[in-house]
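Everything on this sheet refers to the single structure shown next.
Protein chains: 2
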Amino acid sequence: MPAKRPPVPLSRERIIDAALHIADGQGLRRLTMRRLGDALQVEAMAIYHHLPRGKEALMDALAEHVTTVQVDPAAAATWQDRARAWARASRAALLEHPGVLSLALTKPPKGSALIAITEQIEQLRESGAGDPAGAVRALRAYVFGSVAVEVQQSGWADPDAEVRDARTAEGERDFEHGLDALVAGLGG
Amino acid sequence: MPAKRPPVPLSRERIIDAALHIADGQGLRRLTMRRLGDALQVEAMAIYHHLPRGKEALMDALAEHVTTVQVDPAAAATWQDRARAWARASRAALLEHPGVLSLALTKPPKGSALIAITEQIEQLRESGAGDPAGAVRALRAYVFGSVAVEVQQSGWADPDAEVRDARTAEGERDFEHGLDALVAGLGG
DNA sequence: ATACCGATCCTTACTATGTAAAGGGGGGCG
DNA sequence: CGCCCCCCTTTACATAGTAAGGATCGGTAT
């Protein structure tokens, strides 16, 4: 009497959400197809129907998810303010899921993440930045590095640390401080 | 008839060198105990004698290896020059082994890497930097992020890219440019 | 020399993981 | 009612990490 239907049907979104939950809660190493299946009340192989390339596709999707950000262009007029808004949004997105940070830092941007980057370049160009592509590269580098150091220092990798949120007030202060310096430096 | 001795005896350094070679050449995911054993002309289990905690210890050792840098304090007098020298050395060490970059970015510093950091803080303090710990955090963040973006853009992760060296002239120019801005910003 | 011993390496075996292949059941359409 | 397709399950296999227990060697004490 096998082959029952799961309570709620599977979907790409539900898979990614569950994967993020597991990676954030127990680390990327413990994110396995079978565990992911258990979390979704489904056998592991069911996932392959929604993510045809298996775990590789899952990893790509996770990286894409935490690196895709968009900011309202109307919220800021100068390219400096837009750059800052984008950097803050990126930092927030990455800190929300420290478990997949290594993927975000390692995998080259694809799909929606890549689109978001080109959009950001366009926004900076329109608002008068010189070398907008270089500015976005520098901003991405700054955000990536800041988040990496913040997560390291929050003791997130430590399995027996009660710290489950990588965000700290000190980290935010440092981030804002360096961001101001970087944006100022991009002008010259 | 079993149990022959390997041509040249195993050692922690040889293991780490071989592991770096595999990770750089075929990616972290292909770095397996058995493959590492093959590269060393040894059975996989022999490695555990030199790295008692197994693969976890190996990963820690690799991260430690590419994040341990030292700069001659006599080579630069001002804290700005020392900061720049340290940043350049760190970047070079990380770019030399792009295969283990995700470990370096993710794992908190331990052992010799941690010692090198505290030494660097001390050097900056002695040469007159205000908030040397904050400066080192900012420099580490900048180096990490820059290298991450450089490696991403070099197409290193792409399995069928002929690019086996992540260093580019453009990357270096951007790095130096941002480094100047950051060091300037740290002064205020 | 002989007997022992500890460091180093091998063999075997077990569990966990990713995933290819094929099967089953349920709903919609003819 | 019969057929088919979509979604999920079963089964199976290659590969991974590593615990447990030998085997081999060089050296040391007797």
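So the sequences go chain by chain: A and B. Going by the numbering used here, the first residue of the first sequence is number 1, and it counts up by one from there. Going by the numbering used here, the first residue of the second sequence is number 1001, and it counts up by one from there. Where a beta carbon is used, it is the ideal one built from N, C-alpha and C, also for glycine.
If you drop the 5 nearest sequence neighbours on each side, which residues of the same chain put their C-beta closer than 8 Å to that of residue i?
| i | result |
| --- | --- |
| R1035 (chain B) | I1022 |
| H1050 (chain B) | L1010, S1011, R1012, I1015 |
Would you report the Cα separation of residue i and residue j, rounded to the nearest angstrom?
| i | j | result |
| --- | --- | --- |
| H97 (chain A) | A1018 (chain B) | 33 Å |
| I15 (chain A) | F1175 (chain B) | 38 Å |
| S1146 (chain B) | L1186 (chain B) | 17 Å |
| M59 (chain A) | L103 (chain A) | 7 Å |
| G1037 (chain B) | L1094 (chain B) | 25 Å |
| G1025 (chain B) | T78 (chain A) | 44 Å |
| R30 (chain A) | R1088 (chain B) | 35 Å |
| R164 (chain A) | D158 (chain A) | 10 Å |
| A1169 (chain B) | E43 (chain A) | 49 Å |
| A39 (chain A) | L1020 (chain B) | 35 Å |
| T1032 (chain B) | E56 (chain A) | 18 Å |
| E119 (chain A) | V69 (chain A) | 10 Å |
| L28 (chain A) | A1184 (chain B) | 38 Å |
| H1065 (chain B) | H65 (chain A) | 31 Å |
| S1090 (chain B) | R1173 (chain B) | 16 Å |
| Y48 (chain A) | Y1048 (chain B) | 35 Å |
| P52 (chain A) | H177 (chain A) | 44 Å |
Can you list, in chain order, the residues of its chain whose CB lies under 6 Å from that of residue i, leaving out five sequence neighbours each side?
| i | result |
| --- | --- |
| L1105 (chain B) | F1144 |
| R1125 (chain B) | P1132 |
| A1063 (chain B) | L1103, A1104, K1107 |
| V1171 (chain B) | According to the sequence provided, residue 1171 (chain B) is Gly. The question's Val does not apply to it. Once the five neighbours on either side are set aside, the close Cβ partners of G1171 (chain B) are E1150. |
Quick one: using the 10 Å Cβ neighbour count with 16 as the cut-off for buried, is residue i buried or exposed?
| i | result |
| --- | --- |
| T67 (chain A) | buried |
| Q1123 (chain B) | buried |
| R1099 (chain B) | The residue you asked about is not Arg; residue 1099 (chain B) is Gly in the sequence shown. Buried is the call here. |
| S1011 (chain B) | exposed |
| Q80 (chain A) | buried |
| A1061 (chain B) | buried |
| G54 (chain A) | exposed |
| A1092 (chain B) | exposed |
| P2 (chain A) | Reliability fails at P2 (chain A), whose pLDDT of 46 lies under 50, so the model's placement of it is uncertain and the value that follows must be treated cautiously. Exposed, since its Cβ has fewer than 16 Cβ neighbours within 10 Å. |
Please return the same chain residues whose Cβ sits closer than 7 Å to the Cβ of residue i, not counting the five positions on each side in sequence.
| i | result |
| --- | --- |
| A85 (chain A) | V71, A75, A76 |
| A1046 (chain B) | L1010, G1037 |
| L1166 (chain B) | The sequence given here places Ala at residue 1166 (chain B); Leu does not occur at that position. For A1166 (chain B), where only same-chain residues beyond five positions count, the Cβ hits under 7 Å are L1095, P1098, E1150, V1151, S1154, W1156. |
| A161 (chain A) | G155 |
Would you grab the beta carbon distance between residue i and residue j for me? Rounded to a whole angstrom, and I think it's under 8 Å.
| i | j | result |
| --- | --- | --- |
| R1082 (chain B) | S1127 (chain B) | 6 Å |
| A148 (chain A) | L101 (chain A) | 7 Å |
| Y1142 (chain B) | L1182 (chain B) | 5 Å |
| Q41 (chain A) | P7 (chain A) | 6 Å |
| P109 (chain A) | I117 (chain A) | 6 Å |
Check: So, do the stretch 1060–1076 of chain B and the stretch 1129–1139 of chain B have three or more beta carbon pairs nearer to each other than 8 Å?
Finding: Too few Cβ pairs lie closer than 8 Å, so no.
query = Counting pairs of beta carbons, one from the stretch 142–157 of chain A and one from the stretch 1137–1146 of chain B, are three or more of them closer than 8 Å?
reply = Contact between the stretch 142–157 of chain A and the stretch 1137–1146 of chain B is present: 3 or more CB-CB pairs across the two stretches fall below 8 Å.
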